[in-house]
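As numbered in this note's numbering, residues 14 to 290 make up the sequence shown, in order. For each residue, glycine too, the CB sits at the ideal point set by N, CA and C.
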Amino acid sequence: MAIEYKEGKMNKEIIIGDWKMPECDTEASMNMWNARAQEFAKQRGVEDDDWVAALVKRHGMLPADGAFLDVGCGAGKYTVYFAKKCAEAWGTDFSEEMIKNAEQRAREAGTGNAFFSCDNWHTLEMADKGWKGKFDFVLANMTPAIQSAETFEKLTEASCGWCLYIHPVLRTGSVADRLKKKVFGKKPDPRYPQLQYAFNLLWEKGLFPAVEYREHNWVRSFELERAVDIFKNDLRSKRTLTDEEEASIEKYLIEHAVNGIVEEEVRTTQFALYWEV
């Protein structure tokens, strides 16, 4: 969607009006992320040549005596990695199961300065949490925590230094896209408008964001029972499903499972938007 360019406040009002929280079944969304917690827990730890880690180091975003916030931290791989690079690291996530796995990862890594908090970023108040302007570096990496202008602007609110927001500009999923077409009647648009919205909001604030891109593709695998649970809850989070729709989802996954495993190829072009507060 193209943004209409007008002077000053009106442009910001247009962006805020367009970039709003979508209707969402919070319980279905939480169930979906809790179901995926073990998948995230199996992710390898972050190495120094990781795209995010290298970008942060190159721009000196996190001082050794600084504080770091990982928004939508999942199983905590970036929280634990950056805890080794600074004085204090916090990870926040919507899913209790993700937080449990993140805490376990931190214990295994021996990072006593990594802390975790189960929060809904959409409703979290920075001042009440004691996080307003607290962090030298705030990261939001591929997370549904950022779904509106309001939730995006909380990144800047929590920072006293740098912010980094990573999200797809293009994304396709070989299974999810077919199921969405089957249930909603049309193939989802692979394009994401978040970069356009986020860049312009920062520009309106007088900030000077920079952008980098990368192609990132992977294959994810689920046992059939878990695949049914995950894909149903993903679609339920968009709207209530009929019994017939739920049955058609299960039928599709059963038909496409190989030896009880459902595989999905995910293809993305991601942006890294970063700025100094």
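When the Cα atoms are used, Pro203 and Lys145 turn out to be separated by approximately 34 Å.
Between Ser108 and Met34 the beta-carbon gap is near 18 Å, outside 8 Å, which marks them as no contact. Apart from the 5 residues on each side of it in sequence, Ala211 sits with its Cβ closer than 7 Å to the Cβ of Phe165, Tyr178, Leu286 in its chain, given in chain order.
No Cβ-Cβ contact shorter than 7 Å links Gly273 with Leu220.
The C-beta of Lys264 has fewer than 16 other C-beta atoms within 10 Å across all chains shown, which makes the residue exposed.
Counting along the chain, Asp83 sits inside the beta strand (DSSP E) bounded by residues 80-84. Looking at the DSSP output, Cys131 shares a beta bridge with Asp106. In terms of Cβ geometry, Ile29 and Ala162 form a close pair [threshold 7 Å]. DSSP, reduced to helix, strand and coil, places Asp242 within a helical segment of the structure shown. Under the 8 Å Cβ criterion, the segment 149-157 does not count as touching the segment 117-125, having fewer than three qualifying pairs. Judged by DSSP secondary structure, Phe53 falls outside any beta strand (DSSP E) and instead within the alpha helix (DSSP H) spanning 50-54.
In the assembly as shown, Gln51 is an exposed residue. Its beta-carbon has fewer than 16 other beta-carbons within 10 Å. Counted as a single uninterrupted DSSP element, the beta strand (DSSP E) harbouring Trp175 occupies residues 172-186. Residue state for Ser234 is assigned as strand, using DSSP reduced to three classes. With respect to the 7 Å criterion, Val84 and Ala119 are not classified as neighbours on the basis of their beta carbons. Cβ neighbours of Ser250 within its own chain (closer than 7 Å, five residues either side excluded): Cys37, Asp38, Ala41, Ser42, Met45. Residue range 148-154 is occupied by the beta strand (DSSP E) that includes Ala153, with no alpha helix (DSSP H) assigned at that position. Residue pairing by DSSP places Ala285 opposite Ile179, Glu225 in a beta bridge. The Cβ atoms of Glu277 and Val188 lie closer than 7 Å to each other. As DSSP reads the structure, Val271 sits in a beta bridge with Ile274. Excluding residues up to 5 positions away in sequence, Ser108, Glu109, Glu110, Met111 lie with their Cβ nearer than 8 Å to the Cβ of Asn47 in the same chain.
In the structure shown, the three-state DSSP call for Glu101 is strand. Here DSSP, grouped into helix, strand and coil, assigns Arg280 to strand.
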